[in-house]
Amino acid sequence: MVSKRPTTEPLKEVQFKAGTDSLFQTGFDFSDSLDDDGVYSYRLTGLARSANAQQKGSEEQRYAIAPAFTWRPDDKTNFTFLSYFQNEPETGYYGWLPKEGTVEPLPNGKRLPTDFNEGAKTTPILVMRRWSATASITNLTTPLLCVRTCALLKTKPRKTAFMVTASAPIRRMLTANSVRISASG
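According to my numbering, the residues represented by the sequence shown are 146 to 330, in order.
Quick look at the structure:
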């Protein structure tokens, strides 16, 4: 993945999106030079999104912003600072469905509904917050030699706690390996 870097050309983009499963999304991407000579430039990119997942009781929410700044003290040197912040208070559905009931019918000949959520009766908690910061320095020493240095600092703390519950026909198909309870962060 390549981060969006500041440009000296004006960029002003706003987007709105709507779709199935109550999808609503808006985003923006702004970039420009802060002075007439193009020594300082910025870029600000952002996103807000919410949707219902196909499974009952599952929602998705995401908020992200990515500010960036570039300083070009001369035509051979470039210093860029990139950052990214993301918060997902509702991460959507990360479960699984067994082969029996989806690909193959259950013993009674029926299949699971397409919106089946095996964890619907529990309270799933899955919150994701991420951030990163990058500093990059490029110096074109000679036409044949370019020196680049880059430092990246990032985190992805994640707290997860969920349990799987299911009706009797499905419960028989679950094994000890398919139920996981973890908490870290």
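For each residue, glycine too, the CB sits at the ideal point set by N, CA and C.
Where does the unbroken beta strand (DSSP E) through residue i begin, and where does it stop?
| i | result |
| --- | --- |
| Val184 | Run containing Val184: none; DSSP gives neither H nor E here. |
| Asp219 | Glu204 to Asp219 |
| Gly254 | Run containing Gly254: none; DSSP gives neither H nor E here. |
| Gly246 | No beta strand (DSSP E) holds Gly246; DSSP gives it neither H nor E. |
| Glu158 | Leu156 to Gly164 |
| Thr300 | Leu290 to Thr300 |
Identify the residues that DSSP records as bridge partners of residue i: which are they?
| i | result |
| --- | --- |
| Asp177 | Tyr187 |
| Arg274 | Asn232 |
| Thr225 | Thr215 and Ser281 |
| Ala196 | Glu205 |
| Thr171 | Phe161 and Ala193 |
| Thr339 | Residue 339 lies beyond the residue range present for the chain, which begins at 146 and ends at 330; the question has no answer from this structure. |
Rounding to the nearest angstrom, what Cα-Cα distance links residue i and residue j in this structure?
| i | j | result |
| --- | --- | --- |
| Trp216 | Thr279 | 14 Å |
| Ile282 | Tyr229 | 18 Å |
| Leu168 | Leu192 | 13 Å |
| Thr153 | Ser178 | 4 Å |
| Cys291 | Phe226 | 19 Å |
| Arg150 | Leu251 | 52 Å |
| Pro234 | Asp181 | 41 Å |
| Ala198 | Thr165 | 10 Å |
Determine whether the beta carbon atoms of residue i and residue j lie at a separation below 9 Å.
| i | j | result |
| --- | --- | --- |
| Thr190 | Leu285 | no |
| Ser148 | Ala211 | yes |
| Gln206 | Arg275 | no |
| Gln160 | Phe173 | yes |
| Phe214 | Tyr187 | yes |
| Lys299 | Ser277 | yes |
Got a sec: does the ligand NAP put a non-hydrogen atom nearer than 8 Å to the Cβ of residue i?
| i | result |
| --- | --- |
| Arg256 | Absence of the ligand NAP is noted for the structure shown, with no ligands found whatsoever. |
Should residue i be labelled buried (16 or more other beta-carbon atoms within 10 Å of its own) or exposed?
| i | result |
| --- | --- |
| Leu257 | buried |
| Pro218 | exposed |
| Ala196 | buried |
| Ala163 | exposed |
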